[in-house]
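This report concerns only the one structure given below.
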Amino acid sequence: MSVLPPRLLRLSFTPKNDFFHLKTKAFLVQKLSETTDLFLTNLLHTLILKLGFATDTFTANLLINKYVKLREINTARKVFDEMCEPNVVSWTSVISGYNDTSQPQTALSMFQEMHKARSVSPNEFTFASVFKACSALAESRIGKNIHARLEVSGLRSNTVMSSSLLDMYGKCNDVETARRVFDSMASYGRNVVSWTSMITAYAQNARGHEAIELFRSFNAASTNDRPNQFMRASVISACTSLGRLQWGKVSHGLVTRGGYESNIVVATSLLDMYAKCGSLSCAEKIFLRIRCHSVISYTSMIMAKAKHGLGEPAIQLFDEMVSRRIKPNYVTLLGVLHACGHSGLVNEGLGYLNSMKEKHGVVPDPRHYTCVVDMLGRFGRVDEAYELAKTIEVGAEQGALMWGALLSAGRLHGRVDIVCEASKRLIQSNQQVTSAYVALSNAHAVAGGWEDSESLRLEMKRGGNVKERAYAQNA
DNA sequence: ATAGGGTTAG
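Next up, the structure:
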């Protein structure tokens, strides 16, 4: 950390606009651009305020960006709120700060405020950040709306712009629109990023064959661009989605010949592919060859072991990860809870749930609770599962998963009361869960209430769910 | 000058 010269600390009383003053400002801006340290940033911030430089938009923007990079979004926001004349860079920086701290909803409301303020118009940078927020929320309705504004702005014919737009549609599961954007880019140019976005859109929407087909066209069409680690990882995940080891092995051969086998991103997707296509031993081989591990490589391997019923080894791996000072995140803890739930380590699982915040700084969210509800239910502790589920505030989609888990537990352990309760909650969740109607109807039938059963089937018909019956009864 | 697009775990 660099140290401020004492001379500078006495400059607070310098009259404005003289030579020394300007020089001081240049010095502070210079120091601010260089530092990556929170303490020094705070110090420079104080000096900037004292000397009245905060009224300068450029200087304030630098401060905002510094705080965004340091993940101090609230401080960044405070600087922004106190600005005299925020420009498009100030707005965009704060929006992307909210993206970086997993607050896409706030990013979008900032964009709305910017629109209302009308003093500043969004540019390419702003739109790219806002589409990223839509992607994170998988909100295609809002995305479409902003897409319309982008078309009006005339900024659309730009490779970065269109790539972020097509990525947004892919993440919102609207592959057809994503493809239309991709096709429209032919006139002004695509690059590796835009091709990767489209391949990813297919891969993440269970259309692996089309992803691979597009990868082939890329190799056939482009003369300058070569596939990079991102594209290769995406192609491997497309193979994973096909669930066929054969395809996965082909892609493995391909990345080995390309010299990408030891790349961390590629290796992680390979290990996930092997785990999901049925070869845990190959997955482990890949894992052991990784030199520089990430939270994702560990999490993938923990998940793989968990899914194969290797609870203890998964937990051992978790301990190893923690001792190597790789910080687990919420997905890692989901893996650990899964490991417990698939190996009957029920009390251990409860222990992880109750201590994850304190020990690992990860606040349990509805997904973690769902996992534990499922675990308790599987191992006969249905009442505890129910008591826990009742206390969780949960959105409709996740709620359907949580009550669905409880429904299976009720069925598995012959608990008509739980089946009824879980089915009702499932139906309340308003998701398209026909199995809930079927289960509730069957439960009434079991309990002797044939009339209830019949009325439910009627309700189901009215709800247009009747076609799903055959599927639901197999599920 | 300061801000923006693609990837791997769920």
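Those letters in the first sequence? Residues 8 to 482, per the working numbering, in order.
A virtual CB, placed ideally from N, CA and C, is assigned to each residue, including glycine.
Excluding the 5 residues flanking it on each side, Ser171 has same chain C-beta neighbours closer than 6 angstroms at Ala135 and Phe138, in chain order. Secondary structure note for Ser147: its alpha helix (DSSP H) is the uninterrupted segment Ser147 to Ser160. As the crow flies, the alpha-carbon of Thr306 is around 15 angstroms from that of Arg298.
The beta carbon of Asn270 sits closer than 7 angstroms to those of Gln236, all from its chain and outside the five residues before and after it, given in chain order. Shortest Cα-Cα distance from Ala240 to any of Gly215, Ala227 and Asn231 involves Gly215. The three-state reading of DSSP puts His52 in helix, counting H, G and I together. The shortest C-alpha to C-alpha distance from Asp174 to any of Ser201, Val96 and Cys284 is the one to Ser201. If you draw a straight line from the Cα of Val188 to the Cα of Tyr281, it comes to about 33 angstroms. Rounded to the nearest whole angstrom, the CA to CA distance from Asn226 to Arg233 is 8 angstroms. Closest in C-alpha terms to Gln110, from the list Thr82, Ala143 and His122, comes Ala143. Per DSSP, Cys179 lies in no alpha helix (DSSP H) and is assigned neither H nor E. Of all C-beta pairs linking the region 157-168 to the region 115-127, fewer than three are shorter than 8 angstroms, placing the two stretches out of contact.
Under the DSSP assignment, Asn226 falls in the alpha helix (DSSP H) whose first and last residues are Gly215 to Ala228.
Around the beta carbon of Ala228, a 10 Å sphere encloses fewer than 16 other beta carbons of the protein chains shown; the residue is thus reported as exposed. In the DSSP annotation of this structure, the continuous segment of the alpha helix (DSSP H) that includes Gly411 starts and ends at Ala403 to Leu419.
Using a 10 angstroms sphere on the CB of Asn231, the tally of other CB atoms stays under 16, which defines it as exposed. Judged by DSSP secondary structure, Met192 falls outside any alpha helix (DSSP H); it is assigned neither H nor E. Excluding sequence positions up to five before and after Leu419, its CB lies within less than 8 angstroms of the CB of Gly384 and Arg385, all in the same chain and listed in chain order.
No Cβ-Cβ contact shorter than 8 angstroms links Tyr176 with Gly196. Considering only Thr66, Arg422 and His367, the residue with the shortest C-alpha distance to Val338 is His367.
With a cutoff of 8 angstroms on beta-carbon distance, Phe118 and Ile102 are scored as near each other. For Ile80 and Leu261, the gap between their C-alpha atoms comes out near 42 angstroms. For Tyr267, the CB contacts under 8 angstroms within the same chain, skipping 5 residues up- and downstream, are Gln236, Arg239 and Val273 in chain order. By the neighbour-count criterion, in which a residue is buried when 16 or more other Cβ atoms sit within 10 angstroms of its Cβ, Ser40 is exposed. In the DSSP assignment, Glu268 falls outside any alpha helix (DSSP H), carrying neither H nor E.
Burial state of Leu29 is exposed, judged by a 10 Å Cβ sphere holding fewer than 16 other Cβ atoms. Between Arg374 and Leu341, the CB-CB gap stays under 8 angstroms. Lys334 counts as exposed, since fewer than 16 other C-beta atoms from the protein chains shown sit within 10 angstroms of its C-beta. Secondary structure at Ser116: helix, using DSSP grouped into helix, strand and coil. Each of Val369, Asn354 and Arg78 was checked against the Cα of Asp44, and the nearest Cα belongs to Arg78.
Of the other Cβ atoms in all chains shown, fewer than 16 fall within 10 Å of the Cβ of Val257; this residue is therefore exposed.
Here the C-alpha atom of Leu69 lies approximately 8 angstroms from the C-alpha atom of Val36.
DSSP places Phe294 in the helix class (H, G or I) of the three-state scheme. Residue environment: Ser330 is assigned as exposed (fewer than 16 neighbouring CB atoms within 10 Å of its CB, all protein chains considered). Under the criterion of beta carbons closer than 8 angstroms, Leu317 and Phe294 do not qualify as touching, at roughly 13 angstroms.
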